[in-house]
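Structure representation (structure tokens):
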């Protein structure tokens, strides 16, 4: 774990940093602790507060498209307006960062948060992210016309056990195919997944934007299936905090959530300004970015509430695929007292 000095991403060079996670993707293990939050002797990450100075909070945001709007909001001053000195932390494992007390609040794949909390990790879900439906696409080369055409072909599932893997299997199953009907491989995410398609290593792959749109713009591929059409209630992203931080700093949680959603709302309602910012950070064909924004506008809901029924359905799918052993009572580790308007 370290202080963030510039953007790093598996698929695109950025000038600020954020945190891996997929919406909906599993977090890899990693992080080295380090000096993050060393200013706070009790590990809470908060400042003095009463002296009028901004209070420190250490926040691990998703990277790429999923986390860029909060970086934009930070530059606009929305966190400072809430009296926060937000320190963006980069980590390869948000759950580990929370439980080690190196992170105060984190963007986390919903399934990772549920499984960790269900197994006893001292964390709670405090809000949904700006989107909760999987922004994943099964794309294929021009010669593949339908999902059924993938029988006997090689299909990339990103990372086994991740949300991307879930969507890939469900899409295949709903078209009469199983993992044994294709050569099913873990081919990485983003740039790596896109390269595996364009090089012919796979006939199709699950992937995020803007690579689905880039495939269309370049003529190197097309979309076979949009993930949320197949799993409309599979919950993919939450904000989580550790229990001791929630107990000691409830007002900081409220402030961070207000700043988070103000950032998202501003970006969405000032889209031309945000697109210009986006293109300074994400080096991609503007036409592909334009298509990606238009396609995913429907997912950009900015609804912080967490639907417990959706969490239960999400877990049932996980259990069916063998990704978790049982369905946990999510109500025990969801705390929505801090979301804006509550």
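In mature numbering (1 follows the signal peptide of the UniProt record, and there is no 0), the protein residues as written are -28 to -1, 1 to 314. We put the beta carbon where it would ideally sit given N, CA and C, even for glycine. Only a predicted model underlies this, so the values are computations on that prediction, with no experimental measurement involved.
Can you name the residues that DSSP bridges to residue i?
{"i": "residue 118", "result": "DSSP, once it has assigned bridges, lists no residue as partnering residue 118."}
{"i": "residue 108", "result": "180"}
{"i": "residue 82", "result": "According to DSSP, residue 82 bridges with nothing at all."}
{"i": "residue 271", "result": "Partner(s): none; residue 271 has no beta bridge."}
{"i": "residue 213", "result": "77 and 96"}
{"i": "residue 30", "result": "59"}
{"i": "residue 198", "result": "109"}
{"i": "residue 155", "result": "126"}
{"i": "residue 306", "result": "97"}
Could you tell me if residue i is buried or exposed, where buried requires 16 or more neighbouring beta carbons within 10 angstroms of its beta carbon?
{"i": "residue 30", "result": "buried"}
{"i": "residue 206", "result": "buried"}
{"i": "residue 140", "result": "buried"}
{"i": "residue -6", "result": "Note that residue -6 scores 36 on pLDDT, short of 50, meaning its location in the model is unreliable; the coordinates nonetheless yield the value given after this. So residue -6 ends up on the buried side."}
{"i": "residue 134", "result": "buried"}
{"i": "residue 248", "result": "exposed"}
{"i": "residue 24", "result": "exposed"}
{"i": "residue 172", "result": "exposed"}
{"i": "residue 220", "result": "exposed"}
{"i": "residue 245", "result": "exposed"}
{"i": "residue 152", "result": "exposed"}
{"i": "residue 73", "result": "buried"}
{"i": "residue 117", "result": "exposed"}
{"i": "residue 304", "result": "exposed"}
{"i": "residue 28", "result": "buried"}
{"i": "residue -1", "result": "Since pLDDT at residue -1 reaches only 34, below the 50 mark, its modelled position is unreliable, and the value read off the structure follows with that caveat. Under this definition residue -1 is an exposed residue."}
My understanding is that residue i touches residue j, with C-beta atoms under 8 Å, so please give their C-beta distance in whole angstroms.
{"i": "residue 161", "j": "residue 144", "result": "In fact, because the Cβ distance is near 18 Å, the residues do not count as touching under 8 Å."}
{"i": "residue 268", "j": "residue 181", "result": "6 Å"}
{"i": "residue 71", "j": "residue 87", "result": "Not confirmed; about 13 Å, so no contact."}
{"i": "residue 302", "j": "residue 271", "result": "22 Å between Cβ atoms; not a contact."}
{"i": "residue 185", "j": "residue 292", "result": "Not a contact, Cβ separation roughly 31 Å."}
{"i": "residue 156", "j": "residue 127", "result": "6 Å"}
{"i": "residue 97", "j": "residue 306", "result": "5 Å"}
{"i": "residue 265", "j": "residue 243", "result": "7 Å"}
{"i": "residue 37", "j": "residue 46", "result": "That belief does not hold up - the Cβ atoms of residue 37 and residue 46 are roughly 16 Å apart, past 8 Å."}
{"i": "residue 142", "j": "residue 202", "result": "5 Å"}
{"i": "residue 276", "j": "residue 222", "result": "At roughly 16 Å, the Cβ-Cβ gap does not stay under 8 Å, so residue 276 and residue 222 are not in contact."}
{"i": "residue 106", "j": "residue 199", "result": "4 Å"}
Using beta-carbon positions only, say whether residue i and residue j come within less than 8 Å of one another.
{"i": "residue 167", "j": "residue 132", "result": "no"}
{"i": "residue 149", "j": "residue 176", "result": "no"}
{"i": "residue 108", "j": "residue 235", "result": "no"}
{"i": "residue 129", "j": "residue 136", "result": "yes"}
{"i": "residue 78", "j": "residue 92", "result": "no"}
{"i": "residue 253", "j": "residue 56", "result": "no"}
{"i": "residue 287", "j": "residue 300", "result": "yes"}
{"i": "residue 75", "j": "residue 124", "result": "no"}
{"i": "residue 310", "j": "residue 225", "result": "yes"}
{"i": "residue 240", "j": "residue 215", "result": "no"}
{"i": "residue 42", "j": "residue 33", "result": "yes"}
Original post:
So, do the region 46 to 63 and the region 228 to 238 have three or more beta carbon pairs nearer to each other than 8 Å?
Top reply: Counting Cβ pairs under 8 Å, three or more are found: they touch.
Original post:
Taking one C-beta from the region 92 to 103 and one from the region 210 to 223 each time, how about it: are there three or more such pairs within less than 8 Å?
Top reply: Under the three-pair Cβ rule at 8 Å, the region 92 to 103 counts as touching the region 210 to 223.
Original post:
Taking contact to mean at least 3 C-beta pairs separated by less than 8 Å, is the region 188 to 204 in contact with the region 106 to 116?
Top reply: Contact holds: three or more Cβ-Cβ distances are below 8 Å.
Subject >> Cβ pair count under 8 Å reaching 3, the region 284 to 298 against the region 79 to 88 >> reply: Short answer: they touch.
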